[in-house]
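> First, the structure itself, so that you have it in front of you.
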Amino acid sequence: MSFQWRTYTFETPWEALVGAWAEISDINNLQISTVRSLATDCDAATRHISQEDANDSLPRIYDVGTHAEEQEVPFDPDDHITALMEAAERALHELGEA
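Just so we're on the same page, my numbering is the position in the sequence shown counted from 1, plus 347.
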């Protein structure tokens, strides 16, 4: 199966969601303290997701691996928070800051 966000394709819906949050948040260009906060502080991640939700900017992931029409993969708010925190944690590891 394939899952898509914008023009990016991923093998799993979770990887698509984490990748989307890394891109939306421009995680690699944030200050280390901000990335660390998003990775470790659930309240900070929740505020970030709430702001994006208020702007109707939550990423929509689509299942494009079937022969049917694209179908949006449902995620609840907690999934978005966890995905953002994971994207931030991955960025810290890549920067050697974890």
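Glycine is no exception: its CB is placed at the ideal position from the N, C-alpha and C atoms.
Below 6 Å CB to CB, which residues in the same chain sit around Y409 once its five sequence neighbours on both sides are set aside?
Here residue 409 is taken as the residue at index 62 of the sequence shown, counted from 1. Closer than 6 Å at the Cβ level, and outside the excluded window around Y409, lie Q351, E417, E419.
> Taking only three categories from DSSP, how would you classify T356?
Here residue 356 is taken as the residue at index 9 of the sequence shown, counted from 1. Residue state, collapsed to three classes: strand.
> Hey, quick one: how far does the alpha helix (DSSP H) through R394 stretch, first residue to last?
Numbered from its first residue, the sequence shown carries residue 394 at position 47. Element bounds for R394: 389-401.
> Just mark I396 as buried or exposed, buried being the case when its beta carbon has 16 or more other beta carbons within 10 Å.
Against the sequence shown, residue 396 aligns to sequence position 49. Under this definition I396 is a buried residue.
> Decide if the segment 358-366 is in contact with the segment 427-445; the criterion is three or more beta carbon pairs, one per stretch, under 8 Å apart.
yes
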